[in-house]
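Visitor: Numbering (this note's numbering), first residue to last: 17 to 167.
Below is the structure:
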C-alpha cells in the first residue's frame, strides 16, 4: 500500500508546489488520488469514471424530486473531485498522454452543459414559465461557448 505522503509527493506539479483551488475539493481530491493510486487506477480510467459521474448527474437531475436533486448534486461533486484527481494520477504514475489531456478537455466541453440541460429539463417537466426555460437554454449555450473558448 502506497502512503498518502508518497502520493502527495509524487503527484506534485513540476513547479514543486500545488495550488489549492478549493478549500474543500482539493483536500478531498488528494484523498481520492491516494485511494485510486492504491487501487492501481490510472489517469485515463479516472477521466472515464468522472465522466460517468457527470453523465449520471445529468440523467438524474431531470427527475426533479428533492431526492433526485440531492443525488444528482452528489454525483456532480464526485465528478469534480475525480476531475481534480486525474492530473494528480498522471503525475503520480508519470504517464502523460496527449490523448488523456485531449479527452479531459473534450469531456469538459460536454459535462457542464449537459448537467445544466438536465436541470432545464427538470424545469420543463414541472412546467416552469417560458422565460425560465429560455434563460436556462441561453445559460447552456453560454457555458458551452465559454468552455470551448477557455478550456
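Glycine included, C-beta positions come from ideal geometry on N, C-alpha and C.
Quantities reported herein were computed from a predicted structural model and do not represent experimental measurements.
1) Considering residue 128, what are the terminal residues of the alpha helix (DSSP H) in which it resides?
2) With three or more C-beta pairs closer than 8 Å as the rule, is the region 134-142 touching the region 90-99?
3) Does the beta-carbon of residue 147 have 16 or more other beta-carbons within 10 angstroms, so that it is buried, or is it exposed?
4) Measuring only the C-alpha atoms, how far is residue 157 from residue 129?
5) Going straight from the alpha carbon of residue 68 to that of residue 119, what length do you get?
6) Going by C-alpha to C-alpha distance, which of 105, 63, 17 sits closest to residue 46?
7) Could you have a look at residue 62 and say whether DSSP puts it in helix, strand or coil?
8) My output table needs one value for residue 103: the three-state DSSP class, helix, strand or coil.
9) By DSSP, does residue 17 sit in helix, in strand, or in coil?
10) Shortest alpha-carbon distance to residue 95 belongs to which of 144, 110, 70?
11) Got a sec, what are the start and stop residues for the alpha helix (DSSP H) residue 161 sits in?
12) Under DSSP, the alpha helix (DSSP H) around residue 40 begins and ends at which residues?
Guide: This is what the structure holds:
1) 114-141
2) no
3) exposed
4) 7 Å
5) 13 Å
6) 105
7) helix
8) helix
9) coil
10) 70
11) 146-166
12) Element bounds for residue 40: n/a, residue is neither H nor E.
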